[in-house]
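Asks:
Protein chains: 2
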Amino acid sequence: MEERDAEMARRVPAAGGHAGDPSVAPTLATVAARAGVSRQTVSNAINNPALLAEETLGKVERAIADLGYSPNLAARSLRTRATRLIGLPFEPAQEGTANALMDRFVHTLVESTREIGYHVLLFAADAEDAEQGYERMLRSTAVDAFVVTETYRGSPQVEYLQRRGALFVAFGRPWDAPDATHPWVDVDGAAGAALATAHLADRGHEVIAWLGWTTDQPIGEDRRSGWMRTMRERGLDTTRLSARGDGTLEYGRRATHALLDARKPTGLVCASDTVAMGALRALHERGLAPGRDIAVVGFDDSLAAQVASPGLSSVRQPLEDIALGVVERLERLLTHRPVDEPGLLLQPTLVVRDTS
Amino acid sequence: MEERDAEMARRVPAAGGHAGDPSVAPTLATVAARAGVSRQTVSNAINNPALLAEETLGKVERAIADLGYSPNLAARSLRTRATRLIGLPFEPAQEGTANALMDRFVHTLVESTREIGYHVLLFAADAEDAEQGYERMLRSTAVDAFVVTETYRGSPQVEYLQRRGALFVAFGRPWDAPDATHPWVDVDGAAGAALATAHLADRGHEVIAWLGWTTDQPIGEDRRSGWMRTMRERGLDTTRLSARGDGTLEYGRRATHALLDARKPTGLVCASDTVAMGALRALHERGLAPGRDIAVVGFDDSLAAQVASPGLSSVRQPLEDIALGVVERLERLLTHRPVDEPGLLLQPTLVVRDTS
DNA sequence: CCACCTGGTTGGAACGATCAAGAATGACGC
DNA sequence: GCGTCATTCTTGATCGTTCCAACCAGGTGG
């Protein structure tokens, strides 16, 4: 015992504080001394409790609770070469768009990473030079893994991260490489659009238009295919009922005017809430009442859709479930277990409000 | 030189890779060997370049660039007891509200913390037991400082963090303790409401109502005071023109109906965009055209305000500047320099759209 | 000639955890 | 009785960085 006491004296300088002094963070050695065991035993109590005898475990746990000890993350990281941090590139919602749907996603991500003992680290991802941001994080071993969003735009990050041997899970399918092996989670956009289209068809609409994105966005084309498929299934004509453009509000407005001039659709299915809000603006300008004269369905169930008057019907993405799926895959990666099902495709739901 | 080579051999095991092998992260020792100097000199080159002779500095910088070295953050943290991480408690936007205005704030925060060499770490703040979340972060020395948001609700965290001796900057004034000494940044809500009220008065409105929050939210009372002050200045009557309640959409809707029945205001100034959207809904239900029959101004300039039809005029908070102010104060705290002006009150602006 | 700077550099120790190996104990089989 | 083994706990080394005290050369002052 003398030796141990001596070690204590060395480790914890005469701070004048008693054992529970919160101003001096307790270390493994502090806890070990209090519990009358060695450092390693305390370490085992935390990381591998099954190794300890029941009685010892109890002693150690009591000491930990008494001192309010939690392991120093830096020291742990240094030794294990793992930071228990997940990197999340953070881009703000663009002004003038309906909503940052990332909000719900990020929150669930934070909550469920915490449950597996991880935290979420935000970092700015330069739009033009995304690699640099990732590279810095990797070089300084700042994070153990990444959550990659916005993978639809050709996703150069995915290719880079894979080449670099970094761990990551993508929110978004690898559109340009369907045989990719990395884990991903995504929402079935085609099913969402189909849901919206079928909903309008069920309400008796026969001339249902699609307001989509430009052709080079696979996610937009995917959603469009759901509209197209449903129209075909119902035997409805689709000629000159499909618009495409950038996803802005202004585009939605103009495209709606054009469609109304051309084919007088009674229902509009939109690739995003932003576009749908543009459509509502066009209807407003023409004195048409959404929901009564023309039905509109958006996509994303943004806050704007929820608070707009009239309330905008919209396809809701299960962002919470997506985050859970992402974290589940992350955990497997981080514990070096195989991810048996790398891809997970979730089904959206339809929220019906006043506009349909 | 023999000794140095020997050390190299020990430090970098026979990985088979050449010096630039990206699979083995270079360390200080690697760089030192390459530049022909000691570890400490490399460390100084990074942290205190002024100490080095110009020639030596050049050599070291070249070696760093060649090897693509960045310091291991865990090792640095362990030694310096600083993590270079800022903790940000993260709550999601509530469903059914106009918008998470945090989005813009967080992005600027991430960008400008990076510029001072810090990263932002999200953590889930339990609404009921906020202290626990902070305590965990502090105990494990996971972050160096916090950014505290939502300080309006009595702000128990602020009191706790101060007692605990933790570093933090608050987004939001210490309402209940005006003499508090901790650094904070906030927006002049009264000025914002005054701006909105004056704007309506300038357009000839004389019966301008206030749709606010419950009395126990000081931030709501602050904004209300701006309305009240401006009404008085203009010699306008305020009797039975002020509504208060929770900030929900439904409250905004009902309060608007009640006001219209009672006093027929021609202008509405709202404490938030959510409330304003509720007001718009009430107008919609009565067949009144916002902007023509009745003017409405919201608060926050949420995405919903931007995309709604008609576009909602709204008071815009300078969230980017707030984030900059927060980071500036953080930096002073972290470098142990005094914060000469702990409080910073910023002025909002008015974005005029269709509803006014 | 020695003490004392000053600018530049150096090796050893320390931060607090985990890893790898080893030691004490008792149980078991031959 | 002896070796083997499993269980349980301990000891020294180590991760990569920064702090500390000291060193070195060369100039200055006493």
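Which chain is which? The protein sequence lines are S and G, in order.
Residue numbers for the first sequence follow the working numbering, so the first one is -15 and each next one is one higher.
Residue numbers for the second sequence follow the working numbering, so the first one is -15 and each next one is one higher.
Yeah, the Cβ is synthetic: ideal placement off N, Cα and C, and Gly gets one too.
These numbers come from a predicted model, not from an experiment.
So what does DSSP say about PRO348/G, is it helix, strand or coil?
Replies: Because residue 348/G is not part of the residues shown, which for chain G are -15 to 340, the question remains open.
Asks: Less than 8 angstroms between the C-beta atoms of GLY251/S and HIS189/S, yes or no?
Replies: Counting from 1 along the first sequence, the entry for residue 251/S is found at position 267. Counting from 1 along the first sequence, the entry for residue 189/S is found at position 205. In contact: GLY251/S and HIS189/S (Cβ atoms closer than 8 angstroms).
Asks: Using only CA atoms, which one of LEU69/G, SER22/G, ALA182/G lies nearest to LEU334/G?
Replies: Looking up residue 334/G in the second sequence gives position 350. Here the closest residue by C-alpha is ALA182/G.
Asks: Answer yes or no: does any C-beta atom of chain G fall closer than 8 angstroms to that of GLY301/S?
Replies: The sequence position of residue 301/S within the first sequence is 317, counting from 1. As written in the sequence, residue 301/S is Gln, which differs from the Gly given in the question. So no, GLN301/S is outside the interface.
Asks: Mind listing which residues of the region 281 to 315 of chain S have their C-beta closer than 8 angstroms to chain G's C-betas, in chain order?
Replies: SER286, LEU287, ALA288, GLN290, VAL291, ALA292, SER293, PRO294
Asks: Quick one: using the 10 Å Cβ neighbour count with 16 as the cut-off for buried, is THR339/G buried or exposed?
Replies: On the second sequence, residue 339/G is found 355 positions in, with the first residue counted as 1. Result: buried.
Asks: For a contact meaning CB atoms closer than 7 angstroms, what does SER256/S contact in chain G?
Replies: One-based indexing of the first sequence puts residue 256/S at position 272. Under the 7 angstroms cutoff, chain G gives no residues; its nearest Cβ is about 11 angstroms from SER256/S.
Asks: Whose C-alpha, out of SER226/G, VAL90/G, THR14/G, SER96/G, is nearest the C-alpha of VAL372/G?
Replies: No information on residue 372/G is available, as it lies outside the stretch -15 to 340 that chain G covers here.
Asks: Beta-carbon within less than 6 angstroms of ALA185/G's beta-carbon, same chain only, minus the 5 sequence neighbours each way: which residues are those?
Replies: Taking the first residue of the second sequence as 1, we reach residue 185/G at position 201. Hits under 6 angstroms: ARG218.
Asks: Between ARG157/S, PRO10/S, LEU233/S, SER293/S, which lies nearest to LEU57/S when the distance is taken from Cα to Cα?
Replies: Residue mapping note: residue 57/S aligns to position 73 of the first sequence, counting from 1. Answer by Cα proximity: PRO10/S.
Asks: Quick one: what's THR333/S bridged to in DSSP?
Replies: Within the first sequence, residue 333/S is the residue found at index 349, counting from 1. Note: THR333/S is bridge-paired with ARG300/S in the DSSP secondary-structure output.
Asks: Are at least three pairs of beta-carbons, each pair with one atom in the region 138 to 147 of chain G and one in the region 278 to 291 of chain G, less than 8 angstroms apart?
Replies: no
Asks: Do you know offhand how far ASP172/S's Cα is from GLY210/S's?
Replies: By 1-based counting over the first sequence, the position of residue 172/S is 188. By 1-based counting over the first sequence, the position of residue 210/S is 226. About 9 angstroms.
Asks: Using a 10 Å radius around the Cβ and a threshold of 16 neighbouring Cβ atoms, would you call PRO249/S buried or exposed?
Replies: Counted from its first residue, the first sequence places residue 249/S at position 265. By the neighbour-count rule (16 or more Cβ atoms within 10 Å), PRO249/S is buried.
Asks: For a minimum of 3 consecutive residues, which ranges assigned as the beta strand (DSSP E) are wholly contained in the region 230 to 310 of chain G?
Replies: 251 to 254, 279 to 283, 297 to 300
Asks: Hey, ARG88/G and GLU312/G: beta-carbon distance below 8 angstroms or not?
Replies: By 1-based counting over the second sequence, the position of residue 88/G is 104. By 1-based counting over the second sequence, the position of residue 312/G is 328. Annotated as distal: ARG88/G and GLU312/G, with beta-carbon spacing of 8 angstroms or more.
Asks: Can you confirm whether the region 152 to 164 of chain G touches the region 95 to 102 of chain G when touching is taken to mean that 3 or more C-beta pairs between the two stretches lie within less than 8 angstroms?
Replies: no
Asks: Span of the beta strand (DSSP E) holding TRP168/S?
Replies: One-based indexing of the first sequence puts residue 168/S at position 184. First-last of the beta strand (DSSP E) with TRP168/S: 168 to 171.
Asks: Using a Cβ-Cβ cutoff of 7 angstroms, what residues of the region 55 to 74 of chain S are near chain G? List them in chain order.
Replies: Against chain G - using a Cβ distance shorter than 7 angstroms - the residues of the region 55 to 74 of chain S are PRO55, ASN56, LEU57, ALA58, ALA59, SER61, LEU62, THR67, PHE74.
Asks: Could you check the C-alpha separation between ASP5/S and GLY52/S for me, to the nearest Å?
Replies: Residue mapping note: residue 5/S aligns to position 21 of the first sequence, counting from 1. Residue mapping note: residue 52/S aligns to position 68 of the first sequence, counting from 1. In this prediction, ASP5/S has a pLDDT of 48, which is less than 50 and means its spatial position is unreliable; nothing more can be read from the coordinates.
Asks: Buried or exposed: which applies to ALA37/G, given that a residue is buried once 16 or more other Cβ atoms fall within 10 Å of its Cβ?
Replies: Reading the second sequence from its first residue, position 53 is the one you call residue 37/G. It is exposed - the Cβ of ALA37/G has fewer than 16 other Cβ atoms within 10 Å.
Asks: Do PHE107/S and GLY149/S have their C-beta atoms within less than 8 angstroms of each other?
Replies: Along the first sequence, read from residue 1 onward, the residue named residue 107/S stands at position 123. Along the first sequence, read from residue 1 onward, the residue named residue 149/S stands at position 165. No, Cβ-Cβ distance for PHE107/S and GLY149/S is not below 8 angstroms.
Asks: Do ALA59/G and ALA19/G come within 8 angstroms of each other at the CB atom, strictly closer than that value?
Replies: Taking the second sequence and counting its residues from 1, the one referred to as residue 19/G is at position 35. Taking the second sequence and counting its residues from 1, the one referred to as residue 59/G is at position 75. Going by C-beta atoms, ALA19/G is not nearer than 8 angstroms to ALA59/G.
Asks: Strictly below 8 angstroms CB to CB, what residues from chain G border THR125/S?
Replies: Counting from one through the first sequence, the residue named residue 125/S turns up at place 141. Near THR125/S (Cβ distances below 8 angstroms), the residues of chain G are ALA9, ASN56, LEU57, ALA58.
Asks: Express the C-alpha separation of VAL169/S and ALA126/S in angstroms, rounding to a whole number.
Replies: Indexing the first sequence from 1 puts residue 126/S at position 142. Indexing the first sequence from 1 puts residue 169/S at position 185. Those two C-alpha atoms are separated by around 24 angstroms.
Asks: Could you please give the first and the last residue of the uninterrupted alpha helix (DSSP H) stretch that includes VAL131/S?
Replies: The count along the first sequence starts at 1 and reaches residue 131/S at position 147. In the DSSP assignment, VAL131/S falls outside any alpha helix (DSSP H) and lies within the beta strand (DSSP E) extending over 129 to 132.
Asks: Which value, in whole angstroms, describes the spacing of the CA atoms of PRO326/G and ASP324/S?
Replies: Along the second sequence, read from residue 1 onward, the residue named residue 326/G stands at position 342. Along the first sequence, read from residue 1 onward, the residue named residue 324/S stands at position 340. Going from the Cα of PRO326/G to the Cα of ASP324/S covers about 54 angstroms.
Asks: Measuring only the C-alpha atoms, how far is ALA307/S from VAL153/S?
Replies: For the purposes of this step, residue 307/S is taken as residue 323 along the first sequence, with counting starting at 1. For the purposes of this step, residue 153/S is taken as residue 169 along the first sequence, with counting starting at 1. Cα to Cα, ALA307/S sits roughly 10 angstroms from VAL153/S.
Asks: Pop quiz: ARG213/G and ALA178/G are said to be a contact at Cβ under 8 angstroms. What is the actual Cβ separation, rounded to whole angstroms?
Replies: Position 229 of the second sequence holds residue 213/G. Position 194 of the second sequence holds residue 178/G. Correct: roughly 6 angstroms between the Cβ atoms.
Asks: What first and last residue would you give for the beta strand (DSSP E) that runs through TRP159/G?
Replies: In the second sequence, the residue the question calls residue 159/G occupies position 175. First-last for TRP159/G: undefined, no H or E at that position.
Asks: Indicate whether at least one CB of chain G lies closer than 8 angstroms to the CB of PHE155/S.
Replies: Your numbering for residue 155/S matches position 171 in the first sequence. So no, PHE155/S is outside the interface.
Asks: How many Å lie between ASN28/S and LEU105/G at the Cα?
Replies: Numbered from its first residue, the first sequence carries residue 28/S at position 44. Numbered from its first residue, the second sequence carries residue 105/G at position 121. If you take the alpha carbons of ASN28/S and LEU105/G, they lie about 28 angstroms apart.
Asks: I think LEU225/S touches ALA255/S, with their Cβ atoms under 8 angstroms apart; what is that distance to the nearest whole Å?
Replies: Here residue 225/S is taken as the residue at index 241 of the first sequence, counted from 1. Here residue 255/S is taken as the residue at index 271 of the first sequence, counted from 1. About 14 angstroms separates the Cβ atoms of LEU225/S and ALA255/S, ruling out a contact at the 8 angstroms cut-off.
Asks: Opposite TRP211/S in the DSSP bridges: which residues?
Replies: As a working note, residue 211/S is residue 227 in the first sequence. BP columns for TRP211/S are empty, so no partner.
Asks: Using three-state DSSP, classify ALA59/G as helix, strand or coil.
Replies: For the purposes of this step, residue 59/G is taken as the residue at position 75 of the second sequence. Residue state for ALA59/G is assigned as helix, using DSSP reduced to three classes.
Asks: On a Cα-Cα basis, can you pick out the residue from VAL253/G, MET261/G, ALA227/G that is closest to ASP245/G?
Replies: Taking the second sequence and counting its residues from 1, the one referred to as residue 245/G is at position 261. Comparing Cα positions, the closest option is ALA227/G.
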